[in-house]
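Mapping of the sequence shown onto the working numbering: position 4 corresponds to residue 4, and the numbering continues sequentially without gaps.
Notes for the one structure printed next.
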Amino acid sequence: RIHVDAAYGGYFTLADLPFNTLRHFNAMSSANSIVIDPHKHGLQPYGCGAVLFKNPEEGRFYKHDSPYTYFTSDQLHLGEITLECSRAGAAAAALWATQQKFPYERSGAFAKRLNASLEAAKGLKRSLIAKDWWVLEPELDICVFSLPGVKASEISALNRAFFEQKAKENLHLALFSLPQRNCPWQIKWDIPSLTVVRSVLMKPEHNDPKLWDRITSV
């Protein structure tokens, strides 16, 4: 069985994606199950995600039991195949109302928000490269980058120090452990993985050169 985790990136089916990224989205119809979650790009501050099954009977294989839950019937129950916090009526109504205001149309305001986030990631990438950072090609609105160096341990230490400095500047980035097999840069591997920096530009407001300058300044 094939499962697709589209909790974060699923909404980008509406965006102007490059072919190499779009082909992955086009293959989602082959999946047996897909997770969706409007919590971030769906503009919902509530838990109303869901697991979608092509064959509802396959929901039996989705296990998240606990010692204090039980079911009184042999019939498949929604409580067995949905996520915690995903069934509140108010959260579903809020999502419905948001979709009425921002319908899922490729030329609509909702899609424009997604495209602005994509442009923000591309803009940050350009700013990083101009200042000699190493950058992975962003497929969505997430930029992964690193200060240059020779040894994995030394580069990781530099990236952690940079991350801590930015936190003091009230600029909250994230760290990411990049395995050797996924690293495109030629370095000396004295540790199993490389600690790199990760920036998620998920708001249209992040498409701002002033913000990119704040991120890239050392």
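Even for Gly, the Cβ is constructed at its ideal location relative to N, Cα and C.
In terms of Cβ geometry, P45 and L95 do not form a close pair [threshold 7 Å]. In the DSSP assignment, F163 falls outside any beta strand (DSSP E) and within the unbroken alpha helix (DSSP H) covering 152-168. Taking a C-beta distance under 7 Å as the contact criterion, R214 and L171 qualify as a contact pair. Going by DSSP, L128 is part of the alpha helix (DSSP H) stretching over 109-130.
C-alpha of V196 to C-alpha of P184: approximately 12 Å in a straight line.
Taking C-beta atoms as the reference points, N115 and A15 count as a pair closer than 7 Å. Using a Cβ distance threshold of 7 Å, L22 and A120 do not count as a contacting pair. The beta-bridge partner set that DSSP reports for D5 consists of V35.
S29 sits in a helix when the DSSP states are folded into three classes.
Secondary structure at P138: coil, using DSSP grouped into helix, strand and coil. For T98, the enclosing alpha helix (DSSP H) stretches over residues 89-101. Rounded to whole angstroms, the Cβ separation of V135 and K125 is 5 Å, and the two are in contact under 8 Å.
As DSSP reads the structure, A174 sits in a beta bridge with R198. In this structure, G9 lies near L140, with their beta-carbon atoms less than 7 Å apart.
Annotation: S117 to L178 spans about 23 Å, alpha carbon to alpha carbon. Secondary structure of L52 (DSSP, three-state): strand. Nearest Cα to S33 within the set L52, K101, L17: L52. Taking the Cα of F162 as reference, the smallest distance to any Cα among F145, K151, V150 is reached at F145. For a cut-off of 8 Å, the C-beta gap from I129 to A152 is around 21 Å, too long to register as a contact.
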